[in-house]
Amino acid sequence: MNWQGRRICFVFVDGIGLAPESGSNPFSGGTMAGLEERIGMPLLAGLSVHRVDCVAHGIDATMGVPGLPQSATGQAALFTGENTALLCDGHMPAFPGRILTALIRQDNILKRAAEAGIPVTFANAYSGAYFEELAADTRAPSATTLSVMAAGIRFRMLEDLCAGEAVYWDITRAMVQTRTGREDVPRIQPEEAASHLAGLARMHGLVLYETFMTDMLGHKGRVDEARDFLVILDRFLSVLADAVVADGGTLVVTSDHGNIEDCATRAHTTNPVPLIALGRQAEAFAEVNSIMDVPGCIWQCISALEAM
Ligand SMILES: [Zn+2]
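Take the working numbering: the final residue in the sequence shown is number 1608, and no numbers are missing along the way.
This is the structure in structure tokens:
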């Protein structure tokens, strides 16, 4: 299967939605000016871009189910394409339970790619301690961890991170020492992290990377702190977008639910989440209207289906 021209770099940013400009919306005032320049519109309510090389608009994260969208159901929907909120009879927070775990094990976009022989990887770096905690049942696996396990692909570790072949979930590795105690892992600039991810995107039909710093900051509800991280995210995504597009791939950025865009509340929101596609296959994402549509569209892009 020829996957070279179909490469997708999928960046999942936890807890970012689209809201009007306001004092409690850290996206206000061009915080992410770099990405906004590449898209051609501010990352606010009303985002609507449709060009050959760029599609960007809000997509539904509620799945038509009442209540605030949550991480377990939202992420499982992003990776499986199923209406997980309906399946679970409501939005499920944090880590997948029994129903969602079974669903992710059965089918997810990473597994589907791996089984089709498409080179696929999860870019995030893990620590050995994480797997010890999983084994000891003191920690539950996330939707992404479960997806990687189901796909049977290897986890990237801190050694890969040091070799520039993985990215830490906070982009700059500021949290490595706090979370893992490793003092030998130097911090890096967002641009360098972007070039590491772009390197992986060059070698794989599908690369997934996730950052959940945005969701954590949304739950803190401090606009200034949120804005500081969005600047880092913007520097990261801007360089990543340029590299992926220059390499002939497609960058896809989306989220599981709103949160950080409304710092007046510490809870998630029902706002639409941004769907941003930049590059060669951007237009394929024009009809994506819900988080449930994302994995199917990625599959179409990386597989040979559309050529048949
Ligand atoms: Zn959250």
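Where is the CB? At the ideal position from N, CA and C, for every residue including glycine.
It should be emphasised that the depicted structure is a prediction, and the values quoted were computed from it without experimental measurement.
- The C-beta of proline 1486 has fewer than 16 other C-beta atoms within 10 Å across all chains shown, which makes the residue exposed.
- The beta-bridge partner set that DSSP reports for leucine 1575 consists of His1357.
- When C-beta atoms of the stretch 1564-1581 are compared with those of the stretch 1471-1487, fewer than three pairs fall below 8 Å, so the two segments do not count as touching.
- Contact between the stretch 1563-1579 and the stretch 1347-1356 is established, with three or more Cβ pairs separated by less than 8 Å.
- Residue range 1398-1406 is occupied by the alpha helix (DSSP H) that includes leucine 1400.
- Secondary structure of glutamate 1561 (DSSP, three-state): coil.
- Spatial neighbours of histidine 1496 in its own chain (CB-CB distance under 6 Å, excluding positions within 5 residues in sequence) are listed in chain order as Gly1464, Val1467.
- Note on glutamate 1510: 16 or more other CB atoms within 10 angstroms of its CB, so buried under the neighbour-count rule.
- Counting along the chain, threonine 1511 sits inside the beta strand (DSSP E) bounded by residues 1506-1511.
- When the alpha-carbon of proline 1393 is set against those of Pro1369, Glu1415, Val1523, Glu1433, the nearest one is in Pro1369.
- C-alpha of alanine 1435 to C-alpha of glutamate 1321: approximately 45 Å in a straight line.
- For threonine 1421, DSSP records a beta bridge to Val1507.
- In the DSSP assignment, phenylalanine 1585 falls outside any alpha helix (DSSP H) and carries neither an H nor an E.
- Minimum Cα-Cα distance from glutamate 1337 among the listed residues Asp1542, Arg1566, Thr1569, Gly1374 corresponds to Asp1542.
- Boundaries of the beta strand (DSSP E) harbouring leucine 1551: 1550-1554, taken from the DSSP string.
- Here DSSP, grouped into helix, strand and coil, assigns serine 1538 to helix.
- For histidine 1350, the shortest C-beta to heavy atom distance toward ligand 1 is 7 Å or greater.
- Contact check for valine 1573 and threonine 1554: beta-carbon distance about 6 Å, within the 8 Å limit, so the pair qualifies.
- Serine 1427 has its Cβ no nearer than 7 Å to any heavy atom of ligand 1.
- Taking a C-beta distance under 8 Å as the contact criterion, threonine 1373 and alanine 1385 qualify as a contact pair.
- Beta-bridge pairing by DSSP links isoleucine 1308 to Leu1506, Thr1550.
- Within the model, the alpha-carbon separation for alanine 1567 versus threonine 1514 is close to 13 Å.
- Threonine 1362 has its alpha-carbon roughly 34 Å from the corresponding atom of threonine 1478.
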